[in-house]
Ligand SMILES: Cc1cc2nc3c(=O)[nH]c(=O)nc-3n(C[C@H](O)[C@H](O)[C@H](O)COP(=O)(O)O)c2cc1C
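Residue numbers (the numbering used here): 6 to 196.
1. Can you give the Cα-Cα distance for residue 136 and residue 195, rounded to whole angstroms?
2. Can you list, in chain order, the residues of its chain whose CB lies under 7 Å from that of residue 61, leaving out five sequence neighbours each side?
3. By Cβ distance, which residues of its chain are closer than 7 Å to residue 188, with the 5 residues on each side in sequence left out?
4. Just to confirm the assignment, what range does the alpha helix (DSSP H) spanning residue 10 have?
5. So is residue 174 buried or exposed if we call it buried at 16+ other beta carbons inside 10 Å?
6. Is the CB-CB distance between residue 88 and residue 124 below 9 Å?
7. Hey, could you find the ends of the beta strand (DSSP E) residue 129 is sitting in?
8. Where does residue 70 land, buried or exposed, given buried means 16+ other C-beta within 10 angstroms?
9. Residue 82: buried (16+ other C-beta within 10 angstroms of its C-beta) or exposed?
10. Can you tell me whether residue 156 is helix, strand or coil according to DSSP?
11. Below 8 Å, is the gap between the Cβ of residue 165 and the nearest heavy atom of ligand 1?
12. So, for residue 190: in the same chain, excluding its five sequence neighbours on each side, which residues have a beta-carbon less than 6 Å away from its beta-carbon?
13. Compute the Euclidean distance between the alpha carbons of residue 112 and residue 59, then round it to the nearest angstrom.
14. Could you check whether the Cβ of residue 154 sits closer than 8 Å to any heavy atom belonging to ligand 1?
15. Do residue 141 and residue 105 have their CB atoms nearer than 9 Å?
16. Can you tell me where the alpha helix (DSSP H) holding residue 38 begins and where it ends?
17. Taking the alpha carbon of residue 169 as the point to measure from, which residue in 12, 7, 22, 6 has its own alpha carbon closest?
18. Going along the chain, which unbroken runs of the alpha helix (DSSP H) with 4 or more residues stay wholly within the stretch 67 to 104?
19. Which residues mark the beginning and the end of the alpha helix (DSSP H) in which residue 174 is found?
20. Considering Cα atoms alone, identify which of 193, 126, 55, 149 is closest to residue 92.
Structure below.
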């Protein structure tokens, strides 16, 4: 079994990556393979409504000159998907929104290709707006017919500067429990 984690932060190895890796530690302890994809520095434009994905139905986005199809392929090949984003102006990052819009349509028009995979959203924040970002990630999982595990708190961690989130004990514990629940669920589903 494999989980891919996609970090939508513009900052590589920052708080969102730290949180995803905390979830990964629990998954790996249960023998689940993990892969982290960082969108920082990658070209990821938004959907252009060309509907080529509807026409082609080839499990790919019609825009082929950016990083999107690599992400979609990794999501397609995984049993579980973690989408991580920092809170930017009370929502997810631009790159993560582009991923949701484009992978979202590709998934729906290709026999619901993400259906029944396990999905979890992870959000970091300095202060406010994280719930809205968290809901934006969950909106993707639910419309793609994915199965979403919970944790003891909503999946978020606090921090401003790179590394700050490691000091948020409750946030890190939330990731630990999320990882355990995600592994448990994946094994039960046995996809
Ligand atoms: C453009 C931008 C907008 C931000 N907007 C918010 C915000 O609305 N609410 C908040 O709590 N933090 C906000 N932040 C802070 C980040 O969410 C916070 O620093 C987070 O830990 C960054 O995660 P990273 O290290 O993975 O990039 C913003 C940061 C940037 C760069």
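Glycine is no exception: its CB is placed at the ideal position from the N, C-alpha and C atoms.
Given the structure is predicted, the values throughout are model-derived calculations rather than measurements.
So, from the listed chains and residues:
1. Taking the chain shown and counting its residues from 1, one reaches residue 136 at position 131. Taking the chain shown and counting its residues from 1, one reaches residue 195 at position 190. Each residue's Cα considered, the two are about 30 Å apart.
2. Position 56 of the chain shown holds residue 61. 67.
3. Taking the first residue of the chain shown as position 1, residue 188 is located at position 183. Excluding residues within five positions, the ones whose Cβ falls inside 7 Å are 31, 32, 35, 37.
4. Locating residue 10 in the chain shown gives position 5, counting from the first residue. Membership of residue 10 in any alpha helix (DSSP H) is not indicated; the residue belongs instead to the beta strand (DSSP E) covering 7 to 12.
5. Counted from its first residue, the chain shown places residue 174 at position 169. So residue 174 counts as exposed.
6. The residue labelled residue 88 in the question sits at position 83 within the chain shown. The residue labelled residue 124 in the question sits at position 119 within the chain shown. Judged by beta-carbon spacing, residue 124 lies within the 9 Å limit of residue 88, meaning their Cβ atoms are closer than that value.
7. One-based indexing of the chain shown puts residue 129 at position 124. Start and end: 123 to 130.
8. Residue mapping note: residue 70 aligns to position 65 of the chain shown, counting from 1. Under this definition residue 70 is an exposed residue.
9. Mapped onto the chain shown, residue 82 falls at position 77. Its Cβ having fewer than 16 others within 10 Å, residue 82 is exposed.
10. To locate residue 156, count along the chain shown from 1; it is residue 151. In the structure shown, residue 156 sits in coil (DSSP, three-state: anything other than H, G, I, E or B).
11. Sequence index remark: in the chain shown, residue 165 carries index 160 (1-based). Yes, since a heavy atom of ligand 1 falls inside the 8 Å radius drawn around the Cβ of residue 165.
12. Counted from its first residue, the chain shown places residue 190 at position 185. Within the same chain, residue 190 has close Cβ partners 123, 154.
13. Locating residue 112 in the chain shown gives position 107, where the first residue counts as 1. Locating residue 59 in the chain shown gives position 54, where the first residue counts as 1. Cα to Cα, residue 112 sits roughly 10 Å from residue 59.
14. Numbered from 1 along the chain shown, position 149 holds the residue referred to as residue 154. Checking the Cβ of residue 154 against ligand 1 gives no.
15. Translated into positions along the chain shown, residue 141 becomes position 136. Translated into positions along the chain shown, residue 105 becomes position 100. Yes, these two residues count as a Cβ contact at 9 Å.
16. Sequence index remark: in the chain shown, residue 38 carries index 33 (1-based). For residue 38, there is no enclosing alpha helix (DSSP H); the residue is part of the beta strand (DSSP E) that begins and ends at 38 to 43.
17. Stepping through the chain shown from its first residue, residue 169 is reached at position 164. Considering only alpha carbons, the answer is 22.
18. 73 to 82, all fully within the stretch 67 to 104.
19. The residue given as residue 174 occupies position 169 in the chain shown. Start and end: 174 to 194.
20. The sequence position of residue 92 within the chain shown is 87, counting from 1. The shortest C-alpha to C-alpha distance from residue 92 to any of 193, 126, 55, 149 is the one to 126.
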